[in-house]
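Shown next, in structure tokens, is the structure this report addresses.
Protein chains in written order, with this note's numbering: chain H, 13 to 158; chain L, 38 to 585.
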């Protein structure tokens, strides 16, 4: 049984660092792979460029997606992944600072599996990550990765 | 109501009840119940202006309903009632005399008076012997004579009624004529000061023409079908036409992006003669979509009912407002990202490297966390402020009592901690408003009242409202520290605070948000305050949904 993989799509390195710390504090031992924008996310899924080695870039069990990304935005990434028959089964959880209803509605229209707000307070962020991990990585039955 | 009051009412009913009963009985015997009803109704009508309570008496084919006499005089003055009841009798006698002759009238009067004297002689308004009538007992009058009398009486009643209606009509016409005369004379007085000579008249016409042409707003006259009769140059400019002449004869509907809005508008103006501050999207001659606000009046123009409207192009203003709101939104949003780093890293430092820091070092980390979280609140305030104008929330029927109950529930910890006493009115109205916004207003006002409390005084907060003709006026009164008059304007400005964060926590966005909510829904907000004694914040909600 291989380790479960979470793909984090996040452009802000400091946010990446905080998310990694939150994963650690929430005692989630899953492999956290990080890509920094939408193009990289699609390249990762398509095993292109630097993501060709399946051992280095395993299929993610869950994708954590920021909306505010440079170039191809989070909504576009979401739309493309959810349209692609090869990847549409992968649960995508939006993790963002945007609480605007337009963003929330659009994300669900594109088929997001959950929409979470990043709290400013780190202790609360850790709680959110912990809940997320407990539910998506420990409670639910995930589709098998191909 | 005093005891004495009840007593005279009962006595009056006791005194006039039997008299009216006899009156009814006798008239009904002689003239039949429809005619009797008619006589009573006519007499009451004659007296209705002087003694309105008489109209509240209920007469049925069995006679007067005694209970309605008690009810009708319940809130009246005794002398007024005595006079009115007496006048009703007199009026019936007069009517009988007019329609059936003096003999019958006198006979009826004598019988009623006898009845009155037998129950209480002191009460008869007639001194003994003043109107001694040789009465023929009713039964001795021949049957045929009665029939003739009845028929004649019915005819004369009809004539009497017609005569009276004509008289009323005449009086009304006279009154209207007087009003018109007065209006005409005041116009004459006004115009005596204004143009009276042809030159002056011409000058005045030029003046109004210039005003019409120079107006920075579009001025337009249409008939009630929407056909344009007159428009100024600015109007043509707004609609991107070369000359106002091109507008004459056109229908306004052809410029409306949503022509169906016109029907509701026409309905409204036909009810109130005026409509203010309406917002519409128009398509100009060149196909550009613009936003206008306008106000209209129903006027008489060249002999027909027309609509005079003043139109302002607010496209640019709306665009700027939108841009501003978007800017505030994205600014507050993007500014949050670094805050997460400040807060997260400072906490990280404390947790993982705290042992290596001295007391001062740890204190500085704590302060970074504190300020980052405060700034987050400031940004939330800014975000909320920008959201009010940007996001339209639908007005629904809201029960204010339910809103206050929820707010009270949300603030229960503060209420408990401050030992506050919150007093709400027994009844509260239902208003047309976005529920979440009304909740925000009350939450802000009440939490302020709970926060700015005077030392050593438990807060007493009174919520009250007045139903005024055009709006509801709600007030939240406290006994807190109050606000000096020179600061009353400032407290509505965003992030402006009168105290340090250590004295009273908060961001200074709350009242700004409340003001924006109230004003963007067609209301007003204000306060009165006595420093050291307390403040009253009030705001209004339009009773009809006039808000743009």
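Backbone N, C-alpha and C fix where the C-beta goes; we use that ideal spot for every residue, glycine too.
Neighbour list for residue i in chain H, Cβ cutoff strictly below 7 Å
| i | result |
| --- | --- |
| residue 527 of chain L | Here the premise fails: no neighbours, minimum Cβ distance about 29 Å. |
| residue 262 of chain L | Result: empty, since nearest Cβ-Cβ is about 41 Å, beyond 7 Å. |
| residue 413 of chain L | 132 |
Residue i: contacting residues in chain H (beta-carbon distance under 9 Å)
| i | result |
| --- | --- |
| residue 533 of chain L | Those within 9 Å of residue 533 of chain L in chain H number zero; the least Cβ separation is about 24 Å. |
Cβ shell of residue i (< 7 Å), same chain only, five flanking positions each side left out
| i | result |
| --- | --- |
| residue 348 of chain L | 254, 255, 257, 272, 275, 329 and 331 |
| residue 443 of chain L | 476 |
| residue 88 of chain H | 50 |
| residue 124 of chain L | 84 and 88 |
| residue 138 of chain H | 34, 37 and 38 |
| residue 350 of chain L | 275, 327 and 329 |
| residue 167 of chain L | In this prediction, residue 167 of chain L has a pLDDT of 44, which is less than 50 and means its spatial position is unreliable; nothing more can be read from the coordinates. |
| residue 541 of chain L | 488 and 489 |
| residue 533 of chain L | 527 and 545 |
| residue 379 of chain L | 405 and 409 |
| residue 27 of chain H | none |
Proximal chain L residues relative to residue i, where beta-carbon distance stays under 7 Å
| i | result |
| --- | --- |
| residue 134 of chain H | 380, 381 and 384 |
| residue 125 of chain H | Neighbours of residue 125 of chain H on chain L: none; closest Cβ ~23 Å, over 7 Å. |
| residue 24 of chain H | 374 |
Cross-strand partners of residue i (DSSP beta bridge)
| i | result |
| --- | --- |
| residue 203 of chain L | According to DSSP, residue 203 of chain L bridges with nothing at all. |
| residue 317 of chain L | L/329 |
| residue 23 of chain L | Residue 23 of chain L is absent from the structure shown; chain L starts at 38 and stops at 585. |
| residue 341 of chain L | L/338 |
| residue 436 of chain L | L/467 |
| residue 101 of chain L | L/96 |
| residue 18 of chain H | H/44 and H/74 |
| residue 575 of chain L | L/512 and L/563 |
| residue 257 of chain L | L/268 and L/346 |
| residue 460 of chain L | L/499 |
| residue 293 of chain L | L/319 |
| residue 209 of chain L | DSSP, once it has assigned bridges, lists no residue as partnering residue 209 of chain L. |
| residue 312 of chain L | L/333 |
| residue 288 of chain L | L/264 |
Residues of its chain near residue i, where Cβ-Cβ distance is below 6 Å and the 5 sequence neighbours each way are ignored
| i | result |
| --- | --- |
| residue 552 of chain L | 529 and 562 |
| residue 165 of chain L | The predicted model places residue 165 of chain L with a pLDDT of 45, which falls under 50 and marks its position as unreliable; any figure quoted below should be read in that light. Taken in chain order, the list of residues that qualify is empty. |
| residue 169 of chain L | Its pLDDT being 47, under 50, residue 169 of chain L is placed unreliably in this model, and the value from its coordinates should be taken loosely. Taken in chain order, the list of residues that qualify is empty. |
| residue 103 of chain H | 74 and 125 |
| residue 415 of chain L | 544 |
| residue 588 of chain L | This structure does not reach residue 588 of chain L, given that chain L is present from 38 up to 585, and the question cannot be answered. |
| residue 312 of chain L | 305, 306 and 333 |
| residue 467 of chain L | 434 and 436 |
| residue 420 of chain L | 369 |
Beta-carbon contacts of residue i that lie in its chain and below 8 Å, excluding the five residues immediately before and after
| i | result |
| --- | --- |
| residue 85 of chain H | 50 and 79 |
| residue 268 of chain L | 255, 256, 257, 258, 281, 284 and 285 |
| residue 473 of chain L | 430 |
| residue 360 of chain L | none |
| residue 366 of chain L | 420, 423, 424 and 427 |
Within chain H, partners of residue i - CB distance below 8 Å
| i | result |
| --- | --- |
| residue 410 of chain L | 132 and 133 |
Chain-ordered chain L contacts of residue i [CB-CB under 8 Å]
| i | result |
| --- | --- |
| residue 27 of chain H | 374, 377 and 378 |
| residue 48 of chain H | Here the premise fails: no neighbours, minimum Cβ distance about 15 Å. |
| residue 33 of chain H | 381 and 385 |
Within chain L, partners of residue i - CB distance below 9 Å
| i | result |
| --- | --- |
| residue 83 of chain H | Here the premise fails: no neighbours, minimum Cβ distance about 17 Å. |
| residue 30 of chain H | 377, 378, 381, 382 and 385 |
Within-9 Å CB hit, residue i to chain A
| i | result |
| --- | --- |
| residue 73 of chain H | Protein chains in the displayed structure are H and L, and chain A is not among them. |
Under 7 Å, CB to CB, which of the residues in the region 109-123 of chain H have a partner in chain L?
Of all residues in the region 109-123 of chain H, 109 and 110 have a Cβ within less than 7 Å of some Cβ in chain L.
Fully enclosed by the region 71-147 of chain H, which beta strand (DSSP E) runs are 3 residues long or longer?
Entirely contained in the region 71-147 of chain H, the beta strand (DSSP E) runs reaching 3 residues are, in chain order, 74-77, 104-108 and 126-129.
Members of the region 347-379 of chain L that neighbour chain H once the beta carbon cut-off is set at 7 Å:
Per Cβ criterion, the list reads 370, 373, 374, 376, 377 and 378.
Taking the runs of the alpha helix (DSSP H) that are 4 residues or longer, which of them lie wholly in the region 464-520 of chain L?
For the region 464-520 of chain L, whole alpha helix (DSSP H) runs of length 4 or above, ordered along the chain, are 472-488.
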